[in-house]
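Engineer:
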Amino acid sequence: MTLERIHAEILAVRIIPNVNDELAKELQLKPELRSLAIFTSTIDDVGYTALDEATKRADVEVVYAKSFYAGASHSSGPLSGEMIGILAGPNPDEVRSGIDSVIQTAESDAYFESLNEDGSHAIYAHVVSRTGSYLSKEAGIKQGEALAYLIAPPLEAVYGLDAALKSADVELVKFFGPPSETNFGGGLLTGTQSACQAAADAFKESIIQIAQSPKSY
794 MTLERIHAEI LAVRIIPNVN DELAKELQLK PELRSLAIFT STIDDVGYTA LDEATKRADV
854 EVVYAKSFYA GASHSSGPLS GEMIGILAGP NPDEVRSGID SVIQTAESDA YFESLNEDGS
914 HAIYAHVVSR TGSYLSKEAG IKQGEALAYL IAPPLEAVYG LDAALKSADV ELVKFFGPPS
974 ETNFGGGLLT GTQSACQAAA DAFKESIIQI AQSPKSY
């Protein structure tokens, strides 16, 4: 079954070339990190994946990343979306390169997939072949390891994670117990790249079966 891709939209972006000292203190910035790039995205998990990718392509660190309660459908404003991310770097050029990477990842590389025609039933089964500094820290793994980033609605997430863990030699390193801020659930699994891909495929297939016959147990 081929699922339609759902890409995130980066709603707003701003760069602060030289951050105020009080704000830098609140964000707990290292002294050498003086520039910030801030963005909002319509899909939080894609935003987090994009932040991680930015740490591999530019001299930046993720200093703030938060999901908003109830998701993009109930956002606080037209530019709020589902999450906010902040990158910090030593100068404006580096954070600009970082935000360029975020946009490219959201537009092309990372996406949810729709299980129905209107996109209201969707999953995220994304394999990161080599983690950057952000997802490595979140997962408690070494930088450069493979990761299966698996997200779905609550019941589907729990059932799908079980199928994923049984399908390949992978380890659950972070569990997002449902409901998350956006009323989803899921987890981060690590292993070889091929094992992570097998786990992501099993996660997706098990949830497709639920979508096709939700009450057949």
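Counting from 1 along the sequence shown, just add 793 to a position and that's the residue number in the working numbering.
In this text, a Cβ means the ideal position worked out from N, Cα and C, and glycines have one as well.
Just so it is clear, the structure is predicted and the values come from calculations on it, not from any experiment.
Do serine 894 and alanine 847 count as a contact pair if the criterion is CB distance below 8 Å?
Structural biologist: By one-based count along the sequence shown, residue 847 stands at place 54. By one-based count along the sequence shown, residue 894 stands at place 101. In this structure, serine 894 lies closer than 8 Å to alanine 847 by Cβ.
Engineer: On the DSSP bridge assignment, give the partners of arginine 807 in chain order.
Structural biologist: What you label residue 807 is simply residue 14 of the sequence shown in a count that begins at 1. Note: arginine 807 sits in a beta bridge opposite Ile831.
Engineer: Excluding sequence positions up to five away, which residues of its chain have a Cβ less than 6 Å from the Cβ of glutamate 949?
Structural biologist: Start at 1 with the first residue of the sequence shown, and residue 949 comes out as number 156. Same-chain partners within the cutoff: Ile1000 and Ile1003.
Engineer: Tell me which same chain residues have a C-beta within less than 7 Å of the C-beta of alanine 801, skipping the five on either side of it?
Structural biologist: Translated into positions along the sequence shown, residue 801 becomes position 8. Contacts found: Ser834, Thr835, Ile836, Val839, Gly840 and Ala899.
Engineer: Quick one, which of Ala865, Tyr904, Gly882 and Ala863 has its alpha-carbon nearest isoleucine 944's?
Structural biologist: If you number the sequence shown from 1, residue 944 lands on position 151. Here the closest residue by C-alpha is Tyr904.
Engineer: State the start and end residues of the unbroken alpha helix (DSSP H) segment that holds glutamate 819.
Structural biologist: Here the question's residue 819 lines up with position 26 in the sequence shown. Looking at the DSSP string, the run of the alpha helix (DSSP H) that includes glutamate 819 is 814-819.
Engineer: Do the CB positions of threonine 907 and alanine 915 come within less than 8 Å of each other?
Structural biologist: Position 114 of the sequence shown, counted from the start, is the residue given in the question as residue 907. Position 122 of the sequence shown, counted from the start, is the residue given in the question as residue 915. What sits at residue 907 in the sequence shown is serine, not threonine. Taking 8 Å as the Cβ cut-off, serine 907 and alanine 915 qualify as a contacting pair.
Engineer: Alpha carbon to alpha carbon, how far is alanine 993 from glutamine 821? Give it in angstroms, no decimals.
Structural biologist: Looking up residue 821 in the sequence shown gives position 28. Looking up residue 993 in the sequence shown gives position 200. Their Cα atoms are separated by approximately 35 Å.
Engineer: Checking the sheet assignment: what are the DSSP bridge partners for isoleucine 916?
Structural biologist: Here residue 916 corresponds to residue number 123 of the sequence shown, with the count starting at 1. Answer is Glu906, bridged to isoleucine 916.
Engineer: CB-CB under 8 Å to alanine 939, same chain, minus the five flanking residues each way: which ones, in chain order?
Structural biologist: Locating residue 939 in the sequence shown gives position 146, counting from the first residue. Once the five neighbours on either side are set aside, the close Cβ partners of alanine 939 are Val920, Val921, Ser922, Arg923, Thr924, Thr983, Gly984, Thr985, Gln986, Ala988 and Cys989.
Engineer: Only counting the same chain, and skipping five residues up and downstream in sequence, which positions put a Cβ closer than 6 Å to that of isoleucine 831?
Structural biologist: Working through the sequence shown from its first residue, we reach residue 831 at position 38. Once the five neighbours on either side are set aside, the close Cβ partners of isoleucine 831 are Arg807 and Ile879.
Engineer: Decide if glutamate 887 is buried, meaning its Cβ has at least 16 other Cβ atoms within 10 Å, or exposed.
Structural biologist: The sequence position of residue 887 within the sequence shown is 94, counting from 1. So glutamate 887 ends up on the buried side.
Engineer: Rounded to the nearest angstrom, what separates proline 871 and alanine 865 at their Cα positions?
Structural biologist: The count along the sequence shown starts at 1 and reaches residue 871 at position 78. The count along the sequence shown starts at 1 and reaches residue 865 at position 72. C-alpha separation (whole angstroms): 9 Å.
Engineer: Just to confirm my understanding: we take tyrosine 862, look at its own chain, exclude 5 residues before and 5 after, and list those with CB closer than 7 Å. What are they?
Structural biologist: As a first step, residue 862 is located in the sequence shown; it is residue number 69 there, counting from the start. Glu974, listed in sequence order.
Engineer: Please confirm whether aspartate 845 and leucine 981 have their CB atoms less than 8 Å apart.
Structural biologist: Indexing the sequence shown from 1 puts residue 845 at position 52. Indexing the sequence shown from 1 puts residue 981 at position 188. No.
Engineer: Mark threonine 842 as exposed unless 16 or more other C-beta atoms lie within 10 angstroms of its C-beta, in which case mark it buried.
Structural biologist: Counting from one through the sequence shown, the residue named residue 842 turns up at place 49. So threonine 842 ends up on the buried side.
Engineer: Cα separation between alanine 858 and serine 1006?
Structural biologist: Reading the sequence shown from its first residue, position 65 is the one you call residue 858. Reading the sequence shown from its first residue, position 213 is the one you call residue 1006. In a straight line, the C-alpha of alanine 858 is about 36 Å away from that of serine 1006.
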